[in-house]
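As they're listed, the protein sequences go chains A and B. Quick note on my numbering: the first sequence kicks off at 97 and runs consecutively. Quick note on my numbering: the second sequence kicks off at 97 and runs consecutively. Backbone N, C-alpha and C define an ideal beta-carbon position, used for all residues, glycine too. Just so you know, these numbers come straight off a predicted model, no measurement behind them.
Number of protein chains: 2
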Amino acid sequence: MNTLKAADLALTMGKDEYRTAMKPMDLKLGVLQRALHDAGIPTAILLEGWEGSRKGEVLARLVQPLDPRGFEVHAIGPPQFEESLYPPMRRFWIRLPEQGKIAIFDRSWYRQVLEEGFQGFESDFTEGYERIRVLERQLADGGVLLIKIFLHISREEQSRRFKKWSKDPAFAWRVGDSERRQHEHYDDFHTAMEHMLAETDAPHAPWQVIPAEHGRYARWKVVDAVATAFEAALEQRPHSKSSPGYKPCKQSPLDKADLSLAVERKAYNDELTPLQETLHRLQHLCYLKRLPVVMVYEGWDAAGKGGNIRRLVREMDPRGYKVIGVGAPVGQEITNHYLWRFWRWLPRAGHLHIFDRSWYGRVLVERVEGFATEEEWHRAYREINEFEAQLTQFGAVVLKFWVHISKEEQLARFEARQEDLHKQWKITDEDWRNREKWDDYWAATSDMLALTSTEHAPWDIIEGNDKLHARLKALRIAVERIGDALERR
Amino acid sequence: MNTLKAADLALTMGKDEYRTAMKPMDLKLGVLQRALHDAGIPTAILLEGWEGSRKGEVLARLVQPLDPRGFEVHAIGPPQFEESLYPPMRRFWIRLPEQGKIAIFDRSWYRQVLEEGFQGFESDFTEGYERIRVLERQLADGGVLLIKIFLHISREEQSRRFKKWSKDPAFAWRVGDSERRQHEHYDDFHTAMEHMLAETDAPHAPWQVIPAEHGRYARWKVVDAVATAFEAALEQRPHSKSSPGYKPCKQSPLDKADLSLAVERKAYNDELTPLQETLHRLQHLCYLKRLPVVMVYEGWDAAGKGGNIRRLVREMDPRGYKVIGVGAPVGQEITNHYLWRFWRWLPRAGHLHIFDRSWYGRVLVERVEGFATEEEWHRAYREINEFEAQLTQFGAVVLKFWVHISKEEQLARFEARQEDLHKQWKITDEDWRNREKWDDYWAATSDMLALTSTEHAPWDIIEGNDKLHARLKALRIAVERIGDALERR
Chain A
97 MNTLKAADLA
107 LTMGKDEYRT
117 AMKPMDLKLG
127 VLQRALHDAG
137 IPTAILLEGW
147 EGSRKGEVLA
157 RLVQPLDPRG
167 FEVHAIGPPQ
177 FEESLYPPMR
187 RFWIRLPEQG
197 KIAIFDRSWY
207 RQVLEEGFQG
217 FESDFTEGYE
227 RIRVLERQLA
237 DGGVLLIKIF
247 LHISREEQSR
257 RFKKWSKDPA
267 FAWRVGDSER
277 RQHEHYDDFH
287 TAMEHMLAET
297 DAPHAPWQVI
307 PAEHGRYARW
317 KVVDAVATAF
327 EAALEQRPHS
337 KSSPGYKPCK
347 QSPLDKADLS
357 LAVERKAYND
367 ELTPLQETLH
377 RLQHLCYLKR
387 LPVVMVYEGW
397 DAAGKGGNIR
407 RLVREMDPRG
417 YKVIGVGAPV
427 GQEITNHYLW
437 RFWRWLPRAG
447 HLHIFDRSWY
457 GRVLVERVEG
467 FATEEEWHRA
477 YREINEFEAQ
487 LTQFGAVVLK
497 FWVHISKEEQ
507 LARFEARQED
517 LHKQWKITDE
527 DWRNREKWDD
537 YWAATSDMLA
547 LTSTEHAPWD
557 IIEGNDKLHA
567 RLKALRIAVE
577 RIGDALERR
Chain B
97 MNTLKAADLA
107 LTMGKDEYRT
117 AMKPMDLKLG
127 VLQRALHDAG
137 IPTAILLEGW
147 EGSRKGEVLA
157 RLVQPLDPRG
167 FEVHAIGPPQ
177 FEESLYPPMR
187 RFWIRLPEQG
197 KIAIFDRSWY
207 RQVLEEGFQG
217 FESDFTEGYE
227 RIRVLERQLA
237 DGGVLLIKIF
247 LHISREEQSR
257 RFKKWSKDPA
267 FAWRVGDSER
277 RQHEHYDDFH
287 TAMEHMLAET
297 DAPHAPWQVI
307 PAEHGRYARW
317 KVVDAVATAF
327 EAALEQRPHS
337 KSSPGYKPCK
347 QSPLDKADLS
357 LAVERKAYND
367 ELTPLQETLH
377 RLQHLCYLKR
387 LPVVMVYEGW
397 DAAGKGGNIR
407 RLVREMDPRG
417 YKVIGVGAPV
427 GQEITNHYLW
437 RFWRWLPRAG
447 HLHIFDRSWY
457 GRVLVERVEG
467 FATEEEWHRA
477 YREINEFEAQ
487 LTQFGAVVLK
497 FWVHISKEEQ
507 LARFEARQED
517 LHKQWKITDE
527 DWRNREKWDD
537 YWAATSDMLA
547 LTSTEHAPWD
557 IIEGNDKLHA
567 RLKALRIAVE
577 RIGDALERR
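Rendered as structure tokens:
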């Protein structure tokens, strides 16, 4: 059942019937939880519903038989100040379940859209649903089991419950302004909720509307719905996923790069410090105007990313920027969605984060080395574009640099590093192995540049055979784009 | 130098001298950082000083040669609302560096004490210093290198800088109310700062006052002080630590436990539900009055902790409690101080967290199995008492249950588990190995109960041969103590 209209609110359940049905269920849920854990399936259970639909009691019954080490309950309120400094979906992403775990959301990403929707902000309404559809598709494609439950009660029942609670000092706080507001506008909310259910019902993330006028019936139906979804997930794996829609690029954007570009040391020295000082000033203005900046550095091994970054940040205040060196995922980074760690590492509004390697690892090293399946990296181009669109819609400046050198230049640098006592640690066998796969990386890079260069988050190729040119170019672009964004803000 | 009085503010440094001195320093700091990393030494650098002492510039110069993957800068402001819901030191604990990493605090745990101190809250002042001394001793004992720097400028220099910044729109925001207030009351602050330096200077955490009127001189002295401290830490390991002061207990508190205590099923059934419902009510009142509750369950294997906890939480709202199953530390839990993960897992004010095993692992399994050195577990009794004192000083209720069974009862339960298809997964070879060390665990438990039972956080022995008695007793204690605390609040 996925509409309010179709829900039969008269349904009840007798005490004995309830007890008989529930008894084997507790054992069953424990067994299923262990099976989901062993299968490494992450599960997100969303509990939505009317104010007064007794989500708390349903929740308490649901978790009774579960091993507490395997689930976590997230009560979602309005965004706190700290949370408002990030793109809206971040607070959900960082709470997503890792493999084998269950995250239970009491209210969820639907909270905001329902409240905004009701308040009549039509544009956010549409955008909000789209963000939710993107999130749920990405999660389902990533193997997350989504169970979405809506507890439905009538206006009369809501009224009865509010009155009862108001009389008890331990529970009176539950009935506040937003509860009263919903009750007054029950019919409008009803319309908004039906709309929400219709807009966000999908085969990979179906809604289940559960009549909740009668306590025992509601508790039983929720437990039963969860158990059924657990079983289906265990049987149907792997379930059907969205079509990746990948098309390789025809002409590599790298072909046009002019690696002969270079600057004289004197000109470099003259331009460098003023650019760095300008960026320092802009950093302060970003802080003042709460403009978040995300910078990505990708490039060949030994392309000079590290030195380039060091020049970029030289005059900046370390309290406002952070360089994030991205390596192979470890621990919880492996058992979560590949974008999870990047959502966590986003800058607060007003700060600047520089990613030394990034989420593009999915379509570079993971593609070339086979760490991601073909389906996974095919899908990643769209997922990454959607991710970055959420950053720029939030107002972030997104800069992406591919630091480019020729194969010959790389060889010369590898050899020089091996001879320099202080740089030997920077060159490893892995660098040599990567070099052997130059052509594969070339193809992957070409696809990446072509398929993820968008209007709001374009790639810039930084010609790096001459390091001085590369440093100035990166600085110039940063100063220009951040400056422009500040003027528009 | 560890007083303001002794600092010579006239010191300067010529451009050439600066350049000559700094040049080899960058290489040296890079080498030292790698050596600290390889030695697994965690470092906390505290940057304190007057408003206008240009901490940002000093910081920018200090981090220039460092590998950004190895350090993190934490700008410490006044506690945010979310942070105010936890004991005051938590926001620092969760930011402490793990082994081989550097955490740089721009303002630190001194911020609050200075500001409170100046505002004349004498009691917090003294308590605040004591909390700091405890923190720094615990960290130093745990192997953390502490570098504490204070940048000193005169009132006249502060005035000059504020005037200059106020003219530039990118920097004017730096001079706000608290800056102006400090300037107006420079002499009072001077007295408070000298006092702070005297109160918190220690061999394992020495203060370094650095004259900061002249930019180059200050930058050089800070870089030099950090490099010198790095070198000393690498040479002197292991450095001298505080005396553990451990005395084994003479009479085991377990001797007095009456394991024959039991209740009839009928009496159990009659009492259980009302107790659970009362606890549910109390939970709501805790939320209303923002009372945090910390519960610890320790006990023999198969003592029935899990089942006891399940009965305790049965009627409670899962949005307000959390059961934390504590296992062997993994990942960052290993490379951080052993108390670090428990500081992270503390409940927000108004919530209840139940630890199924806890920080007492330090003096139980880690002691018996030799995972902690003798010096470490000897020291742990005091460290744990200090930790819990910070919880109760913040107003938390701390309940600690030792669920006790006889050796014969344990054997009977192990055997029963092996025969039950649904419980076989609960019994492992490790349980049998632990059982062989019964006497060692008995000694460790006896010490624990005797040495960490304090007035504010006492241990309760829950006689567990009869599970029904154990469940009722735990519930009764929880209801009584939480109820009392609510009345006092």
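Beta-bridge pairing of residue i - partner residues as DSSP gives them
i, result
"aspartate 320/B", "DSSP, once it has assigned bridges, lists no residue as partnering aspartate 320/B."
"glycine 395/B", "Val499/B"
"proline 307/B", "His248/B"
"glutamate 168/A", "Ala199/A"
"lysine 418/A", "His449/A"
"tryptophan 441/B", "Answer by DSSP bridge pairing: none, since tryptophan 441/B is not bridged."
"glycine 402/A", "Answer is none; glycine 402/A lacks a bridge partner."
"valine 390/A", "His449/A and Val494/A"
"leucine 368/A", "Leucine 368/A pairs with nothing; no bridge assigned."
"glycine 148/A", "Answer is none; glycine 148/A lacks a bridge partner."
"leucine 142/B", "Phe201/B and Lys244/B"
"alanine 288/B", "Looking at the DSSP assignment, alanine 288/B forms no beta bridge with any residue, so it has no partner."
"alanine 301/B", "Ala298/B"
Cβ-based burial, residue i [other Cβ within 10 Å; buried from 16]
i, result
"serine 454/A", "buried"
"cysteine 345/B", "exposed"
"leucine 158/A", "buried"
"proline 265/B", "exposed"
"threonine 296/B", "buried"
"serine 180/A", "exposed"
"histidine 380/B", "buried"
"glutamate 479/A", "buried"
"threonine 541/A", "buried"
"asparagine 365/A", "exposed"
"glycine 37/B", "Lying outside 97 to 585, the shown extent of chain B, residue 37/B is not represented and no answer is given."
"isoleucine 430/A", "exposed"
"threonine 548/B", "buried"
The ligand SAH heavy atom lying under 6 Å from the CB of residue i
i, result
"leucine 107/B", "As for the ligand SAH, it is missing from this structure, which has no ligand bound."
Jot down the residue ranges of each uninterrupted alpha helix (DSSP H) in the stretch 494-548 of chain B, minimum 4 residues, whole runs only, in chain order. 503-515, 525-532 and 534-547
Inspect the CB distances between the stretch 100-110 of chain A and the stretch 292-311 of chain A and report whether three or more fall short of 8 Å. yes
Going along the chain, which residues of the stretch 417-434 of chain A sit with their C-beta nearer than 7 Å to a C-beta in chain B? Val419, Gly421 and Gly427
What residues in the stretch 483-497 of chain B have a beta carbon less than 8 Å from any beta carbon of chain A? none
Could you pull out every unbroken beta strand (DSSP E) segment of at least 3 residues lying fully inside the stretch 219-283 of chain A, listed in chain order? Qualifying beta strand (DSSP E) stretches, in chain order: 241-248.
Using a Cβ-Cβ cut-off of less than 7 Å, list which residues of the stretch 148-170 of chain A approach chain B; keep chain order. Gly152, Leu155, Ala156, Val159, Gln160, Pro164, Arg165 and Val169
Along the stretch 266-279 of chain A, what residues have a CB closer than 7 Å to any CB found in chain B? Ala266, Phe267 and Trp269
Pull out every residue of the stretch 111-132 of chain A whose Cβ sits closer than 9 Å to any Cβ of chain B, in chain order. The residues in question are Leu123, Gly126, Val127 and Arg130.
Counting Cβ pairs closer than 8 Å, one from the stretch 419-432 of chain A and one from the stretch 518-526 of chain A, do we hit at least three? In short, these stretches do not touch, since the Cβ pair count stays below three.
Does the pairing of the stretch 274-288 of chain A with the stretch 188-201 of chain A give three or more beta-carbon distances under 8 Å? Not touching, per the Cβ criterion.
Residues in the stretch 171-196 of chain A with C-beta within 9 Å of chain B's C-beta atoms, listed in sequence order? Ala171, Gln176, Phe177 and Glu178
For the stretch 555-585 of chain B, which segments carrying the beta strand (DSSP E) assignment without a break, of at least 3 residues, lie completely within its bounds, in sequence order? Every unbroken stretch of the beta strand (DSSP E) spanning 3 or more residues and falling wholly within the stretch 555-585 of chain B is given here in chain order: 555-559.
Output, in sequence order along the chain, the residues in the stretch 358-392 of chain A whose CB is closer than 7 Å to any CB in chain B. Arg377, His380, Leu381 and Leu384
Under 8 Å, CB to CB, which of the residues in the stretch 500-531 of chain B have a partner in chain A? His518 and Trp521
Taking a cut of 9 Å between CB atoms, which residues from the stretch 401-412 of chain B lie near chain E? The chain inventory of the structure shown lacks chain E, comprising the protein chains A and B.
Just checking, does the stretch 141-158 of chain B make contact with the stretch 261-281 of chain B on the three C-beta pairs under 8 Å criterion? yes
Contact between the stretch 482-491 of chain B and the stretch 347-355 of chain B is defined here as three or more beta-carbon pairs at a separation below 8 Å; is this criterion met? no
Can you confirm whether the stretch 113-129 of chain B touches the stretch 223-230 of chain B when touching is taken to mean that 3 or more C-beta pairs between the two stretches lie within less than 8 Å? no
Contact between the stretch 461-471 of chain A and the stretch 162-176 of chain A (3+ Cβ pairs under 8 Å): no
Cβ contact check for the stretch 380-397 of chain B and the stretch 351-364 of chain B: 3 or more pairs under 8 Å: no
Three or more C-beta pairs under 8 Å: does that hold for the stretch 490-500 of chain A against the stretch 375-390 of chain A? yes
Between the stretch 202-213 of chain B and chain A, which residues of the former have a C-beta closer than 7 Å to a C-beta of the latter? Asp202
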